[in-house]
Amino acid sequence: MKSEGLTKNTFYNVIKSCSQIIFPLITFPYISRVLQTENVGKVNFGNSVVSYFTLIASLGIYTYAVREGSKAKKVEGELSRIAGQLVSINLVTTLLSYLLLMAVLLCAKPLKSYRALIIVQSMPIIFTTLGADWLNTVMGDFKYIAARTVLFQALSLIAMFLFVKGPKDYLVYAVICVLASSGAEAANIIYRRKYCKVPLTLHMDMKRHLPHILLMFAAVLSQTLYCNSDITMLGLFKGDYEVGLYSTSVKIYNIIKTILISVIWVVMPELSYCFSRKDYTGINNLLKYALDFIVVLGLPCIVGINTITAEIIEIAAGKEYLGATASLHILSAAIAFSLLASFIGNAVLLPSGQEKKFLKACFMGACINVVANYLLIPHFGLNAAAFTTALSEFAVFIISVLNIDKRINFGIGKGMLLAPVLGGIGIIIVSIVCSVWVQDMWIRTIATIGLGVLLYAAILILLGNEFALDLIRILKKRRSTK
């Protein structure tokens with residue numbers, strides 16, 4: 000894939016990710032005040048429960064489908080055959096997931112008051128299966144993905160302001176969140192036909208697909224455990240109030256992750272194809288591009304979060320959520336390890352067919368997280384939940400690094416790191432100056448972000464950062480062709 004094509008797709012995928020972030024970012028200050036802390040905690044607790052059944056339904060099929068579809072699309076008729084088999088398998092796992100969910104809701108007494116909420120929040124499971132959005136990723140149609148996502152996020156934003164008026168409307172809010180997350184998936188049921196037919200079949204070739212799918216499922220299950228067990232255990236040990244506080248810092252944490260990890264899905268189809276051909280020149284070029292993106296954008300985000308932590312929380316949720324400040328500081332460390340672990344796992348180990356190695360890393364991270372949560376959350380609450388997340392991400396990163404093929408070369412050097420590091424120092428200096436000279440919180444926050452971004456960009460350009468210069472060249476080329 001040409002550099003310009005990668006940049007375009009990365010741009011569209013970032014737009015998609017940003018739109019998925021802007022909706023909760025705009026709505027959360029309103030929702031946190033209207034629904035109040037306890038009902039925000041209910042919604043987040045319900046989501047954490049549903050996430051386990053979403054995992055059962057997805058069964059690791061998405062990542063596997065992207066990998067296999069990327070190889071199959073080069074052969075006439077093969078993509079349609081693979082798509083039919085994988086969607087059929089996915090329908091079976093979705094049915095199983097709903098049966099298990101109904102059984103849990105009927106038998107688990109602590110969930111009785113959450114039944115209606117959880118049923119609503121489970122609706123995306125079926126839409127995700129039927130939409131088969133992995134086909135869009137395989138075909139590199141990120142422009143369409145971005146456009147439809149922005150549309151449904153905008154509709155959901157309007158609906159939220161119209162229909163969520165008080166604390167009792169938390170169920171209405173859950174319905175609107177389903178529209179935001181699943182409307183695009185539902186639209187894809189018709190749109191995906193432009194790529195290929197997806198015939199449902201009883202001949203699902205389980206012998207070929209199931210072993211790989213189950214390995215990926217186990218890896219994703221481990222990831223989900225160490226990503227969601229903190230909220231689940233926090234809810235059980237400490238109650239909805241602390242979940243409400245902690246979910247504020249988690250939302251900000253997930254915002255950064257979502258944007259930066261978006262580049263992995265852009266390069267994964269081409270990486271899968273290059274790995275199938277053992278084209279290590281192409282592989283290393285794609286990996287260097289993705290790592291450049293993560294470093295150049297990730298480092299200033301991590302530094303920025305730590306310089307204006309309290310301001311971010313107060314603007315996003317209100318002064319009553321400032322109890323989440325310490326947990327956000329801790330989670331900012333987890334961002335770095337999470338990005339690197341996701342990069343190595345999803346861009347190196349999975350496309351190369353090394354599911355077992357990725358599973359090993361994720362399983363160890365999950366074990367560390369669950370045990371540490373059980374031991375620490377009863378005593379230290381939400382700060383312990385943040386710490387165990389950082390600890391787990393660090394463990395997954397270290398184990399993943401040890402399993403990298405020696406033929407992989409990320410091109411890490413002085414040129415990749417110098418400008419971002421100096422730019423990060425520049426952001427810290429800007430923050431200190433603004434905190435001394437500007438008293439108003441809103442003006443101080445805007446000035447810190449605006450001046451920090453300008454100084455960071457200037458340092459990248461002046462020091463000749465390759466990623467920044469490539470982006471400028473592409474933008475100039477597009478402008479000159481208009």
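The sequence shown: position 143 = 142 (numbering that gives the first Met the number 0), numbered continuously. Heads up, the beta-carbon is just placed ideally off N, CA and C, and yes, glycines get one too.
Less than 7 Å divides the Cβ of P419 from the Cβ of L298. Annotation: the continuous alpha helix (DSSP H) that includes R66 extends over 60-71. Annotation: the continuous alpha helix (DSSP H) that includes Q35 extends over 35-57. Taken in chain order, the complete alpha helix (DSSP H) segments of 4 or more residues contained in the segment 68-115 are 77-106. With respect to the 7 Å criterion, N345 and I263 are classified as neighbours on the basis of their beta carbons. The Cβ atoms of M215 and P350 lie no closer than 7 Å to each other. Secondary structure at P299: helix, using DSSP grouped into helix, strand and coil. The segment 33-40 makes no contact with the segment 78-95: fewer than 3 CB pairs, one atom from each, lie closer than 8 Å. Taken atom to atom, the span from the alpha-carbon of Q120 to that of L105 is near 16 Å. CA-to-CA, the gap between A179 and L327 works out to about 26 Å.
In terms of Cβ geometry, V400 and A360 do not form a close pair [threshold 7 Å]. With a cut-off of 8 Å on Cβ pairs, the segment 352-368 is not in contact with the segment 279-286, counting fewer than three such pairs. Counting C-beta pairs with one atom in each stretch, the segment 149-158 and the segment 171-185 have three or more that are closer than 8 Å, which means they touch. Counting only residues of its own chain and dropping the five nearest sequence neighbours on each side, G317 has a CB closer than 8 Å to the CB of P28, S31, R32.
CA-CA distance, I329 to A385, rounds to 6 Å. Between V437 and D291, the alpha-carbon positions lie close to 34 Å from each other.
With 16 or more other Cβ atoms from the protein chains shown falling within 10 Å of its own Cβ, G451 counts as buried. The distance from the Cβ of I334 to that of I255 is about 5 Å, consistent with a contact at the 8 Å cut-off. The alpha carbon of T136 has as its nearest neighbour, out of S112, Y11, D229, I117, the alpha carbon of Y11.
In the assembly as shown, K15 is a buried residue. Its beta-carbon has 16 or more other beta-carbons within 10 Å.
In this structure I60 does not touch S96 by the C-beta definition: roughly 12 Å separates them, more than the 8 Å allowed. Only exposed fits T200, as fewer than 16 other CB atoms lie within 10 angstroms of its CB. With fewer than three CB-CB distances shorter than 8 Å, the segment 61-68 does not count as touching the segment 99-115. Counting C-beta pairs with one atom in each stretch, the segment 375-384 and the segment 236-244 have three or more that are closer than 8 Å, which means they touch. Boundaries of the alpha helix (DSSP H) around E310: 308-315. Proximity to G303 across I411, S434, N187, I427 peaks at I427, based on C-alpha coordinates. Your pair I230 and Y245 checks out as a contact, with CB atoms roughly 7 Å apart and the cut at 8 Å.
If you look at C361, you'll find it in the alpha helix (DSSP H) that goes 354-400. The residue from Y373, A467, F22, R472 with its alpha-carbon nearest to that of G234 is Y373. By the Cβ rule, the segment 154-166 does not count as touching the segment 83-91, because fewer than three pairs are nearer than 8 Å.
Of the residues assessed, E269 falls on the buried side of the cut-off, its CB having 16 or more other CB atoms within 10 angstroms.
With a beta-carbon spacing of about 6 Å, V429 and T447 fall inside the 8 Å limit used to define contacts.
Ranked by Cα distance from T92, the first of M203, I397, L390, K287 is M203. In this structure, the alpha-carbon of S271 lies about 18 Å from that of A218.
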